[in-house]
Amino acid sequence: MTSTQIAQVLDQAAREAKPVAQMSEKEGFSLREAYIIQLTSIQRRIERGEKITGFKLGFTSKAKMEQMGVHDLIWGVLTDAMQIEDEGEISLSNYIHPRAEPEVAFLVSKPIDKAISQEQIPNYISKMAVAIEVIDSRYENFKFSLEDVVADNCSSIGYCIGEWKDAKPIINNLPIELSFNKKTVQQGSTKAILENPYQSVVELSRLATEAGLKIDEGYVILAGAATAAEWMQKDTKIEAHLQDVGEVSFNVK
Ligand code: OOG
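Just so you know, UniProt numbering puts 248 at position 248 of the sequence shown, and the rest follows in order with no gaps.
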């Protein structure tokens, strides 16, 4: 299959919520080609009227790398169709096998068009929030190689962001928690995210500029999960809490 055909298969799997077999080994595509497939699938979304709203980082924590057996940081694209309203509701039937992860989100206040350092972040990031990312690999049994998951836009399908707060200067050890119906199912620290979630912005600035992409003003950056992901279940209130920043939730029907 060509990159365009692979992008089409993955895009269709996402739209129909029907999983497909892993492809990278059979089709023999490299990591570089995987990002081309990812951007081709995003292009299809844009043609349908979706708008890019930001980027996500993946595998920025050991817990996630170990859970998925994958060992490199990856990035994907967010669109407006993936937004879940804070305190909103989603239907499990629109997904294949979704999982939820507690995350830190940043709001870009000035376009990032070069690789920046942690010291430069206050010039580019004004707000932060706690977030929940919903991932829903398009591959059967949520099993993939690094190339597969990149081609599949890093499993992203949804994100829910709490109230934006002024970005704090020091966020490298804030307790973060995910709960289902008020019962804690995951807890960790922002330290798990590359020792400091701001490092995710640094890494993204390098990777996006290498790929020729600008991180626009108003974009959201999801820094990556601090803990392993949890399978979502019906009739569940999913909530994340980040100390000193806030909480966010949605209901699964
Ligand atoms: C890939 C996405 C990983 C994270 O925060 O590390 C990710 C997956 O686990 O399916 O979103």
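Built from N, CA and C at the ideal position, the CB exists for glycine as well.
According to the DSSP assignment, alanine 228 belongs to no beta strand (DSSP E), since it is labelled neither H nor E. Between the segment 166-184 and the segment 54-71 there are fewer than three C-beta pairs closer than 8 Å, too few to call the two in contact. Rounded to whole angstroms, the separation of the alpha carbons of methionine 1 and glutamate 103 is 35 Å.
The shortest CA-to-CA distance from phenylalanine 180 to any of Val77, Ala229, Glu119 and Lys127 is the one to Ala229. In the three-state scheme derived from DSSP, where H, G and I count as helix and E and B as strand, leucine 10 is classed as helix. In the displayed model, serine 91 falls within coil according to three-state DSSP, outside both helix and strand.
Relative to the ligand OOG, even the nearest heavy atom lies 8 Å or more away from the CB of phenylalanine 106. Beta-carbon to beta-carbon, alanine 226 and threonine 190 are separated by about 6 Å, close enough to satisfy the 8 Å threshold. Taking all protein chains shown into account, proline 122 has fewer than 16 neighbouring C-beta atoms within 10 Å of its C-beta and is therefore exposed.
Judged by beta-carbon spacing, glycine 76 lies within the 9 Å limit of serine 156, meaning their Cβ atoms are closer than that value. Check the Cα spacing between threonine 53 and each of Thr79, Glu210 and Ile161: the tightest is with Thr79. Our two residues, leucine 92 and threonine 236, have alpha carbons roughly 10 Å apart in a direct line. For valine 252, the enclosing beta strand (DSSP E) covers residues 246-252.
Burial state of threonine 40 is buried, judged by a 10 Å Cβ sphere holding 16 or more other Cβ atoms. Assigned with DSSP and collapsed to three states, valine 134 falls in strand.
Note on threonine 184: under 16 other CB atoms within 10 angstroms of its CB, so exposed under the neighbour-count rule. When C-beta atoms of the segment 191-205 are compared with those of the segment 137-155, fewer than three pairs fall below 8 Å, so the two segments do not count as touching. Residue environment analysis places threonine 4 among the exposed positions, since fewer than 16 neighbouring C-beta atoms fall within 10 angstroms of its C-beta. Cβ-Cβ distances below 6 Å link glutamine 118 to Tyr198 and Val202 in the same chain, with the five nearest sequence neighbours on each side left out; the list follows chain order. Secondary structure note for glutamine 199: it is in no beta strand (DSSP E), and the uninterrupted alpha helix (DSSP H) holding it is 198-210. Between the alpha carbons of alanine 21 and glutamine 120 lies a gap of roughly 42 Å. Residue range 62-68 is occupied by the alpha helix (DSSP H) that includes lysine 62.
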